[in-house]
Amino acid sequence: MKSTLLTAVAALLVAGSAMAQDMVRMGTEGAYPPWNFINDSGDVDGFERELGDELCKRAELNCEWVTNEWDSIIPNLVSGNYDAIIAGMSITDERDEVIDFTQPYTPPDPSNYLAASDSADLMGGVIAAQTGTIQAAYVAESGATLVEFATPDETIAAVQNGEADAVLADGSFLAPIAEQNGDLMIVGDAVALGGGVGMGIRESDGDLKGKFDAAIQSMKDDGSLNALIEKWEVSTQW
Amino acid sequence: MFGYCTDPSALEGLAWLACYLTNGKHLTAYASIGTVLLLLAITAPTALTFGFVGASAARSRIAPLRWLGQGYTSIVRGVPDIVFFLFFVIALDQAFEWMRHQVLCPDWNQPVRQGNDFVVCAAAKLPLSTSPQWIHEVYGFFLAVLTFAIVFGAFAANVLFGAMRAVPKAQLETAEAYGMTERQTFWRILVPQMWVFALPGLSNLWMILVKATPLLFLLGVEDIVYWARELGGTKGRIFDYPHPDWRLWYFLALLVFYLSLTQVSEVVLARLTRKLSRGQATFAGEAQRKAAT
Amino acid sequence: MECLDTIADYGLRSIGVGQRLLPKSDFTLCQQITLIGSGLLWNIYFGILALGLGFFFATALAVGKAAQSPMIRKPCEWFIFVFRGSPLFIQFFLAYEAFVILPKEGIEIFGITAETRWLTKAWAGALVVLFLNTSAYSAEIFYGALRSVPKGDLEAADAYGLSGWRRFRRIVWPTMLRLAWPSYTNEAIFLFHATTLVFFSGFPAWQQKGDALYYASYFADKTFNPFVPYPIVAIYFILLTLVVIGIFATINRRLNKHLPGQARRIKYRPQVIR
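Residue numbers (the working numbering), protein chains in the order written: chain A, 519 to 756; chain B, 111 to 403; chain C, 70 to 343.
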């Protein structure tokens, strides 16, 4: 504790110097494996952790990770509690009106239906989705009966206990579940939603957006981004 | 934790469980019990202070002060606490930063609100964006305490207001007859005597406060409910300790935790009531006096 | 006039009448006020039914807790302890988990199949939890009042030859209610506030039919601005609280009508706020 206090005091003393200026706080949800999650030792881990650390290195930024509830992740960004959202957030027009996005770092991840039987009625049945996701908005318009749950876990539980006929979510999230759970399977065709996944940045922070854009571009160019996508099985390749 | 935990996939049965329950994530979760208790320990006196100020204002002779006190108690009590928590923390945070901004950066020429963004100068940021994570956490905790104190202060004000009126008039009149000023009467006679009348209401308030702590995760503080959800959720194969949906067990553990906290509080509060009743001109005080003689 | 259309479209949206799809963009203040107000119907539904049913169960529990026989007293004490001692939020979770375990086909009782599926829906399942919860809290209030019924009242009843049920119905119960009423008013206010937890952390919302808080968080999520919808909910609830206080004060006056000088405005005794 003493040493942390000392470093803190030291950090405060040098505040204002160039190095300290570049401290960037990265906000994530920490509940969406394999994109981002809290690993068994209690740290943020996953595809986006590794990607974010690499981006910060290339952009020569000093990054720090914080977690925030999904519901308030955008209000807290515009309010300045952290500087970037990196939380598997699909680029949509509604979100783009409020915040800026970097260029996408993964192509659109097709959404899939996961059901307990392959005869599930996807257009007229009961479909579960997480509240406030693009999938929930899609189901509401598809004509199916939408049931909304607060967390991804609950949506899966709803299908298992028969509350819902199927769940609509990102394919990369559902694939390992279908693989491990003999009772559940991917059904129907994949649905393309959203415009890829990017980092959310405040609109007034064009400088930071530029730095991350350049870093993502350099990772795309040298193939290291594709390698990461393959390692974590989050999406298709570029 | 234990030496044999290095390869969890090779473990089985109790050994697996022992390692699982002592991994880094669980240790953080256990520490969050401390967070909740600390919050309770800090919030209770703070809320009591808010309540005391509110109640004193509500019975003030100066009309605007009285309206302020009454307005505070009735408005805050009329709103579900959860609604308050959902927007109040961001509002408080922005209010603080705006005030600092006005003081620290007088020659800032850009608007604070740029579209949806709330932008203050770097020096006015709270905490400074250069400060380490633990300062951010302490600040978040401080905001949570303040929000809880404002909400529960309103209820405490209501209880204390009633308690101040319950102190027998004769006591105050006697004080006046002895030549005490209004201020002296308030501090030497009214305040010491009101606690015994306030205690039943305050102990109920304490119980509600204890049960409102699950809402802490709304305020961005990682409390035991946050961890119960996080730890109990299905864990796939990318985790060292994969398991299915175990939220039910974690929530049952929470249930036990809250029931024991309630039980302990009830015992302590009963003792406190006995102590405060001693020598008081109430039914309970009278009974104690009779039993002693 | 556009606003009247919005009210026609969304005024009863929370119970499935009117437009099926919620507004998607260009949110107006009118839409927010209408939809959140429509959601308030659910809060009122849960509040009134849970309170109304809970009132009778709470009376029974309070009498049970005051009973001599431990066979009756102990279960009542435990019931009250468990429901008062744990957060409602956890009760919702455990109840929902329990309800979904119930067999889908229903339970066979004496050859009649009892449907159990509706218990996983908020309108029934959450109501059950809220009913049990408010019963426990009110029972504790009633129990406290029961113990403070003046001895003189009971002696007078004896002198009139009243006993058993008649003594309870005519003497003990009205006095108990009179004593408990201010605290019971507080309990009612708290219960209405607690109904906001139903869709927030307890039960799933079907076809986007939810309560006031559900729609408020929908708007907060779409507009990314928490400073409009949540204060709207707050104002609605302040009004609702005022109505509850008004109704309870009227009943209070009726309860105390025969007592000279007692029919005054309701006074919040500090004693047993929840």
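A virtual CB, placed ideally from N, CA and C, is assigned to each residue, including glycine.
Quantities reported herein were computed from a predicted structural model and do not represent experimental measurements.
**Asked** For chain B, is any of its Cβ atoms less than 8 Å away from the one on C/A303?
**Response** yes
**Prompt:** Counting only beta-carbon atoms, is C/P243 nearer than 8 Å to chain B?
**Reply:** no
**Prompt:** So, does the CB of B/K321 fall closer than 8 Å to a CB anywhere in chain A?
**Reply:** B/K321 does not count as touching chain A.
**Asked** Using the C-alpha atoms, what's the distance from B/R275 back to A/Q539?
**Response** Reliability of the predicted coordinates at A/Q539 is poor, the pLDDT of 48 falling under 50, and no value is obtained from them.
**Message:** Measuring straight from C-alpha to C-alpha, what distance separates B/Y351 and B/P118?
**Reply:** 7 Å
**Asked** Ordered along the chain, which non-local residues of its own chain (more than five positions away) have a Cβ less than 8 Å from that of A/V685?
**Response** Y631, L632, A633, I645, A646, A647, T673, I674, A676, V677 and L692
**is_contact[A/S722, chain B] using C-beta, thresh 8 Å** = Interface residue, yes.
**Request:** Using only alpha-carbon positions, find the residue among B/F251, B/A264, B/Q294 and B/Q220 that is nearest to B/Q180.
**Result:** B/A264
**Prompt:** Can you name the residues that DSSP bridges to A/M541?
**Reply:** A/N580
**Message:** By DSSP's criteria, C/Y284 is part of a beta bridge. Which residues make up the other side?
**Reply:** According to DSSP, which records beta bridges pairwise, C/Y284 is partnered with nothing at all.
**Message:** Quick check on B/R347 - is its C-beta less than 8 Å from some C-beta in chain D?
**Reply:** Any reference to chain D falls outside this structure, whose protein chains are A, B and C.
**Request:** Just confirm the distance between the C-beta atoms of C/A318 and C/L120, as a whole number of angstroms; I'd bet it's less than 8 Å.
**Result:** The Cβ separation is near 16 Å, so there is no contact.
**Message:** Is it buried or exposed, C/P92, if we count other Cβ atoms within 10 angstroms and call 16 or more buried?
**Reply:** buried
**Request:** Answer with yes or no whether the minimum CB distance from C/A274 to chain A is below 8 Å.
**Result:** C/A274 has a beta carbon lying within less than 8 Å of a beta carbon in chain A.
**Item:** C-beta atoms of C/F158 and B/F197 nearer than 8 Å
**Value:** no
**Request:** Consult DSSP for C/K326 and reduce its assignment to one of helix, strand or coil.
**Result:** Looking at C/K326 - three-state DSSP - the assignment turns out to be coil, as it is neither helix nor strand.
**Prompt:** What in chain A is Cβ-close to C/L90, meaning under 7 Å?
**Reply:** Within chain A, the residues A658 and E659 have their CB atoms less than 7 Å from the CB of C/L90, given in chain order.
**Item:** 8 Å Cβ cutoff, A/E681 in contact with chain C
**Value:** yes
**Item:** C-beta neighbour in chain B for C/S83, strict 8 Å
**Value:** Chain B contact via Cβ: absent.
**Prompt:** Is it true that the CB of A/G545 sits closer than 8 Å to the CB of A/V584?
**Reply:** yes
**Message:** The beta strand (DSSP E) that contains B/M317, what's its start and end?
**Reply:** That residue, B/M317, is in no beta strand (DSSP E); its alpha helix (DSSP H) goes V301 to A322.
**Request:** Specify, as a first and last residue, the run of the beta strand (DSSP E) that B/N133 falls within.
**Result:** Element bounds for B/N133: n/a, residue is neither H nor E.
**Prompt:** From the beta carbon of A/F667, is the nearest beta carbon of chain C less than 8 Å away?
**Reply:** yes
**Item:** is_contact[C/F269, chain B] using C-beta, thresh 8 Å
**Value:** yes
**Request:** Determine the contact status of B/T156 and B/V255, defining contact as a CB-CB distance below 8 Å.
**Result:** yes
**Asked** Would the beta-carbon of B/T257 fall within 8 Å of that of B/V331?
**Response** In terms of Cβ geometry, B/T257 and B/V331 do not form a close pair [threshold 8 Å].
**Request:** Pull up the distance between the alpha-carbon of B/R269 and that of A/P552, whole angstroms please.
**Result:** Checking the sequence, you will find Val at residue 269 of chain B rather than Arg. Using only the alpha carbons, I get a separation of about 50 Å.
**Asked** Listing by chain order, which chain A residues have their CB less than 8 Å from the CB of B/Y351?
**Response** D558
**Message:** Does C/Y229 pass the burial test, meaning 16 or more other C-beta atoms within 10 Å, or should it be called exposed?
**Reply:** Its Cβ having fewer than 16 others within 10 Å, C/Y229 is exposed.
**Message:** For A/G650, would you say it is in contact with chain C, using Cβ-to-Cβ distances shorter than 8 Å as the test?
**Reply:** yes
**Request:** Please check if any C-beta of chain B sits within less than 8 Å of the C-beta of A/E748.
**Result:** no
**Prompt:** According to DSSP, is A/M703 helix, strand or coil?
**Reply:** strand
**Prompt:** Counting only runs that start and end within the region 675 to 704 of chain A, where is the alpha helix (DSSP H) found for 4 or more residues in a row?
**Reply:** You should have 689 to 698.
**Message:** Taking 8 Å as the threshold (beta carbon to beta carbon), is A/Q539 in contact with chain C?
**Reply:** Note that A/Q539 scores 48 on pLDDT, short of 50, meaning its location in the model is unreliable; the coordinates nonetheless yield the value given after this. So, not an interface residue.
**Request:** Please confirm if B/E286 has its CB atom under 8 Å from at least one CB of chain A.
**Result:** no
**Message:** For a quick check, are the C-beta atoms of C/F269 and B/I192 less than 8 Å apart?
**Reply:** yes
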